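Enquirer: Protein chains in written order, with my numbering: chain A, 1 to 452; chain B, 453 to 714.
From the three backbone atoms N, C-alpha and C, an ideal C-beta is built for every residue, glycine too.
Please read these numbers as outputs of a predicted model, since none were measured by experiment.
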Amino acid sequence: MDQFRPLVLGSLVTVFAIAVSSFPSPPEAQAIPAYARKYKVNCTVCHTRPPRLNTFGERFLENGYQMPGTEDGGIVGKKQLGDLTLDDVTNYLAFRLRGNFLRNFNFARKSPGPDVPGNPEDRTDFGWPETFQLFTGGTLTTNVGFFVDVTHDLPAGNTDIARGYFSLNNLGFHNLAHLRIGKFDPSAYSSFPLLRQQLDFVRPDVNSGVLDRIPLASNAFAAKFFGLFERDGTPIAPFRASLFHSPNEVGIDVHGRPFGDWFLYQVGILNGANETFGDSNNPKDWYVMVRLDQAESDLFSANISGFAYFGNNNAKVALNNSDVSWSQYGVSATVRYKMVDLYGAYVIDRVTDLPQALASGFDTTASGVTVEADVLATDRLLLSIRYDHLDAGGFLAQRKSNSLLALQAKYYLRTNIALFIRDDFNLRKAEGGVSPARNFRNAFLVGADLIF
Amino acid sequence: MLLRFHFLTVILVIGGLLVSNVHAIQTEPTPEIIARGKILYDRSCIFCHGVQGKGDGPAAFFGASYWAPRASDFTVGQYKFRSTASGKSHTDEDLFRIITNGVPGYMPPFVGWPEEDRWHVVSYVKTLHSTNSRHNEKPLETFQIGTQNVPLTVESIEQGRQVYFKFECDACHGHNARGDVPDFEAQDLKDNLGMPIRPTDLDLTNPYSFKNGAAAHDIFGTLMTGLIGTPMPSYADAFAQHEDDAWHLVHYILSLSQGSGP
Numbered sequence: 001m002d003q004f005r006p007l008v009l010g011s012l013v014t015v016f017a018i019a020v021s022s023f024p025s026p027p028e029a030q031a032i033p034a035y036a037r038k039y040k041v042n043c044t045v046c047h048t049r050p051p052r053l054n055t056f057g058e059r060f061l062e063n064g065y066q067m068p069g070t071e072d073g074g075i076v077g078k079k080q081l082g083d084l085t086l087d088d089v090t091n092y093l094a095f096r097l098r099g100n101f102l103r104n105f106n107f108a109r110k111s112p113g114p115d116v117p118g119n120p121e122d123r124t125d126f127g128w129p130e131t132f133q134l135f136t137g138g139t140l141t142t143n144v145g146f147f148v149d150v151t152h153d154l155p156a157g158n159t160d161i162a163r164g165y166f167s168l169n170n171l172g173f174h175n176l177a178h179l180r181i182g183k184f185d186p187s188a189y190s191s192f193p194l195l196r197q198q199l200d201f202v203r204p205d206v207n208s209g210v211l212d213r214i215p216l217a218s219n220a221f222a223a224k225f226f227g228l229f230e231r232d233g234t235p236i237a238p239f240r241a242s243l244f245h246s247p248n249e250v251g252i253d254v255h256g257r258p259f260g261d262w263f264l265y266q267v268g269i270l271n272g273a274n275e276t277f278g279d280s281n282n283p284k285d286w287y288v289m290v291r292l293d294q295a296e297s298d299l300f301s302a303n304i305s306g307f308a309y310f311g312n313n314n315a316k317v318a319l320n321n322s323d324v325s326w327s328q329y330g331v332s333a334t335v336r337y338k339m340v341d342l343y344g345a346y347v348i349d350r351v352t353d354l355p356q357a358l359a360s361g362f363d364t365t366a367s368g369v370t371v372e373a374d375v376l377a378t379d380r381l382l383l384s385i386r387y388d389h390l391d392a393g394g395f396l397a398q399r400k401s402n403s404l405l406a407l408q409a410k411y412y413l414r415t416n417i418a419l420f421i422r423d424d425f426n427l428r429k430a431e432g433g434v435s436p437a438r439n440f441r442n443a444f445l446v447g448a449d450l451i452f
Numbered sequence: 453m454l455l456r457f458h459f460l461t462v463i464l465v466i467g468g469l470l471v472s473n474v475h476a477i478q479t480e481p482t483p484e485i486i487a488r489g490k491i492l493y494d495r496s497c498i499f500c501h502g503v504q505g506k507g508d509g510p511a512a513f514f515g516a517s518y519w520a521p522r523a524s525d526f527t528v529g530q531y532k533f534r535s536t537a538s539g540k541s542h543t544d545e546d547l548f549r550i551i552t553n554g555v556p557g558y559m560p561p562f563v564g565w566p567e568e569d570r571w572h573v574v575s576y577v578k579t580l581h582s583t584n585s586r587h588n589e590k591p592l593e594t595f596q597i598g599t600q601n602v603p604l605t606v607e608s609i610e611q612g613r614q615v616y617f618k619f620e621c622d623a624c625h626g627h628n629a630r631g632d633v634p635d636f637e638a639q640d641l642k643d644n645l646g647m648p649i650r651p652t653d654l655d656l657t658n659p660y661s662f663k664n665g666a667a668a669h670d671i672f673g674t675l676m677t678g679l680i681g682t683p684m685p686s687y688a689d690a691f692a693q694h695e696d697d698a699w700h701l702v703h704y705i706l707s708l709s710q711g712s713g714p
């Protein structure tokens, strides 16, 4: 009975949220983070609901934080240095606090048990916020933009420049080429960007170095391999977003729409190997992405992206072995019609140059699928459902595939303040076993996402 | 209080300057100009207004979602934000002004476009109105706002407050002009698209609510022209012999927007 308690509780809260949100209450025009403040518009001008971008917001991002179709250099709010006020500063600064107030995890088999690794136990705990992000970004002058994301991970106690880059836009002629240089997320312009999902990443449970519960993440973007190492010997978690879908890699990329709005290209070259500075493996990783768009009328838009990421000596399969090349290929797509936003990705990862001695025990191909549907049930209530499947690769003795289903109700008090409840189900728990991918049953989460 | 008057006076002056800025000279639209306007429209405007200008662009739903306002339908050829009398068509300067200043909360300003480009977009947008017969009409008469004769004083603000209640502005905008009408019959209000619209969209204490502009001249214009397609009527007839009352009301409304109600 206990195992159903979170589900019952979740259902009750969902019903409550729907009931509350059914009271007529219109959205208020409100300027929120930096760009909205700067242009004096509601954040839904660019977002379906934050953090997802709508078509207008996608083009604003592509254009280096300038209005689509313009090369205005963010002219709104531009002043002489001596005339700057605090209001002007806030046009370039924003922050975000997010995390789960309540986390409830349930497992099929609890420890202590001689055959159960780690210490998985049903538990409920509190903790908010989990992540603090300070953003600054915008335009420095015509066709020169910048963006910095300083992230503090509270449970880990780490502060890092998660992203930091500047951009040179509209090189040649309008929309021919936009250049990004620095530490950035390569998938930002694809149909399914890693960092713009309504269901946030939920960190794994690790006890004394043993994984008790897998993280709740988009499997399409995961590393997918069990037994890969970075070149410095750090294990690569199979659920960590990687390569084209890494949240931050250092390099240069170029994108543009030279033939019109229907076609976008992107090419990039990175240090790869998750190396922030320097490049110990010397050969670079590189990638190419093309995206086709239909975005004209009828409150409808659709796009499809295909990409290939070519890794060069960017990982190891064992500490003493030579480098392998780890690459990624995939397609993603988005369809939006009125209040419905459907998006998904299918990604294949492949390891080549594997030492012959390991060939028989290592699956060099892995794949992942993530599909999500968001429905704006009212102007304040966003309902989401996400399916994730991982067909894992790597050492045959270690790998475990998994399938997850997540449901979320997100209630926007304002368009920048959201409360959410969420339940993630392990669809393969019936298969049993003691691995973290099987033993985990479900997670019930209540949290908040604030952007100012 | 004196500081407040100075601040309001500065706003009035700046508002006048802004108005004068949009009185730029446009050239007669040629096929080349319209073609250039279409290129710019397709790059920037299509996402909300749609390829045919019906207000059904791929991002149009998300601005206010289930509520008004939606992006304008250019094929109808009616615009909320005009300088002409209720029921009359708009001027090209009206379109130019909206493109330049945007609509606070819902449409970003495109002041970054060169002035010439903004006029090109005006020329193209006019072609989207299927029965565009503007060129056959007599020159449109706009409200001559000009220089107001009513000085900004405490008495003027107080008179404006009385006008506010006399004309029952509080029925929609509330006793404190914050859209906080208790029984809220106004919830049934709809715009011409059938979208529900609430007085909080017209919250006079929030500068972003001044969709037609927050300068004194803009507010005066809104009172005189109304916002066609919304429940906001024109008060031009009511103020016909009492234009000073309109300015008193403008002063009262502006006094609310400085963060301290009456």
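So is residue 576 of chain B in contact with chain D if we call contact Cβ pairs under 8 Å?
Expert: The displayed structure is made up of protein chains A and B, and chain D is not among them.
Enquirer: For residue 306 of chain A, which option in A:290, A:325, A:144 and A:271 has the closest C-alpha, if you only look at C-alpha atoms?
Expert: Ranking A:290, A:325, A:144 and A:271 by Cα distance to residue 306 of chain A puts A:290 first.
Enquirer: Can you tell me which of the three DSSP states residue 530 of chain B falls into?
Expert: If DSSP states are grouped into helix, strand and coil, residue 530 of chain B belongs with coil.
Enquirer: Tell me the DSSP secondary structure of residue 587 of chain B in three-state form.
Expert: Low per-residue confidence applies at residue 587 of chain B: pLDDT is 47, beneath 50, and the placement is therefore not dependable enough to give any value.
Enquirer: How should residue 208 of chain A be labelled, buried or exposed, when 16 other C-beta atoms within 10 angstroms of its C-beta is the threshold for buried?
Expert: Counting Cβ neighbours within 10 Å, residue 208 of chain A comes out exposed, since fewer than 16 surround it.
Enquirer: What does the alpha-carbon distance come out to for the pair residue 120 of chain A and residue 437 of chain A?
Expert: Distance between the alpha carbons of residue 120 of chain A and residue 437 of chain A is about 12 Å.
Enquirer: Starting from residue 289 of chain A, trace the alpha helix (DSSP H) in both directions and tell me its first and last residue.
Expert: Unbroken run through residue 289 of chain A is the beta strand (DSSP E), 285 to 294; no alpha helix (DSSP H).
Enquirer: Mind checking who residue 373 of chain A pairs with in its DSSP beta bridge?
Expert: According to DSSP, residue 373 of chain A bridges with A:342 and A:385.
Enquirer: Using the C-alpha atoms, what's the distance from residue 490 of chain B back to residue 142 of chain A?
Expert: About 23 Å.
Enquirer: Whole angstroms is fine: what's the gap from residue 303 of chain A's alpha carbon to residue 511 of chain B's?
Expert: Cα to Cα, residue 303 of chain A sits roughly 14 Å from residue 511 of chain B.
Enquirer: Could you tell me the alpha carbon to alpha carbon distance between residue 435 of chain A and residue 400 of chain A, rounded to whole angstroms?
Expert: Straight-line Cα distance between these residues: approximately 8 Å.
Enquirer: Which residue wins for smallest C-alpha separation from residue 217 of chain A, given the options A:247, A:264, A:38 and A:127?
Expert: The residue with the shortest Cα to Cα distance from residue 217 of chain A is A:247.
Enquirer: Check the Cβ-Cβ distances between residue 69 of chain A and every residue of chain B, and say whether any is below 8 Å.
Expert: Yes, because at least one Cβ of chain B sits closer than 8 Å to the Cβ of residue 69 of chain A.
Enquirer: From the beta carbon of residue 705 of chain B, is the nearest beta carbon of chain A less than 8 Å away?
Expert: It does not; no Cβ of chain A falls within 8 Å.
Enquirer: Taking only beta-carbon positions, decide if residue 519 of chain B is within less than 8 Å of chain A.
Expert: Taking Cβ atoms only, chain A reaches closer than 8 Å to residue 519 of chain B, which makes this a yes.
Enquirer: Would you list, in chain order, the members of the region 541 to 572 of chain B that have their beta-carbon closer than 8 Å to a beta-carbon of chain A?
Expert: Correct list: 554, 556, 557, 558, 559, 560, 561, 562, 563, 564 and 565.
Enquirer: Anyone know if the C-beta pair for residue 608 of chain B and residue 486 of chain B falls short of 8 Å?
Expert: Their beta carbons are not under 8 Å apart, which means residue 608 of chain B does not touch residue 486 of chain B by this criterion.
Enquirer: Could you tell me the alpha carbon to alpha carbon distance between residue 61 of chain A and residue 183 of chain A, rounded to whole angstroms?
Expert: Between residue 61 of chain A and residue 183 of chain A, the C-alpha separation is close to 16 Å.
Enquirer: Cβ atoms of residue 107 of chain A and residue 440 of chain A: under 8 Å apart, would you say?
Expert: Contact flag set, yes.
Enquirer: Residue 647 of chain B and residue 41 of chain A - do their beta-carbons sit closer together than 8 Å?
Expert: Against a cut-off of 8 Å, the Cβ pair of residue 647 of chain B and residue 41 of chain A comes out as no contact.
Enquirer: State the beta-bridge partners of residue 484 of chain B as determined by DSSP.
Expert: The partner list for residue 484 of chain B (beta bridge, DSSP) is empty, contrary to what the question assumes.
Enquirer: For residue 296 of chain A, is the classification buried or exposed, using 16 other Cβ atoms within 10 angstroms of its Cβ as the cut-off for buried?
Expert: Buried.
Enquirer: What does residue 203 of chain A pair with, by DSSP beta-bridge criteria?
Expert: For residue 203 of chain A, which the question treats as bridged, DSSP gives no partner whatsoever.
Enquirer: Comparing C-alpha positions only, which one of A:169, A:170 and A:152 sits nearest to residue 162 of chain A?
Expert: That would be A:152, whose Cα lies nearest to the Cα of residue 162 of chain A.
Enquirer: Report the three-state DSSP secondary structure of residue 65 of chain A (helix, strand or coil).
Expert: Here residue 65 of chain A sits in coil by DSSP.
Enquirer: Relative to the C-alpha of residue 645 of chain B, which residue among B:625, B:667 and B:680 is closest?
Expert: Checked all of B:625, B:667 and B:680; the closest Cα to residue 645 of chain B is B:680.
Enquirer: Assess contact between the region 377 to 389 of chain A and the region 244 to 262 of chain A, defined as three or more Cβ pairs (one per stretch) separated by less than 8 Å. Is contact present?
Expert: Taking 8 Å as the limit for Cβ pairs, the verdict is that the region 244 to 262 of chain A does not touch the region 377 to 389 of chain A.
Enquirer: Pull up the distance between the alpha-carbon of residue 51 of chain A and that of residue 496 of chain B, whole angstroms please.
Expert: So the two alpha carbons sit approximately 22 Å from each other.
Enquirer: Going along chain A in order, which residues have a C-beta closer than 8 Å to the C-beta of residue 506 of chain B?
Expert: Those within 8 Å of residue 506 of chain B in chain A are 297.
Enquirer: 8 Å is my cut-off, CB to CB: does residue 709 of chain B come that close to chain A?
Expert: Chain A, which has no Cβ nearer than 8 Å to the Cβ of residue 709 of chain B, makes this no.
Enquirer: Counting Cβ pairs, one atom from each stretch, are 3 or more of them under 8 Å apart for the region 677 to 692 of chain B and the region 538 to 555 of chain B?
Expert: Yes, the region 677 to 692 of chain B is in contact with the region 538 to 555 of chain B.
Enquirer: Determine, using beta carbons only, whether residue 344 of chain A and residue 363 of chain A come nearer to each other than 8 Å.
Expert: Contact flag unset, no.
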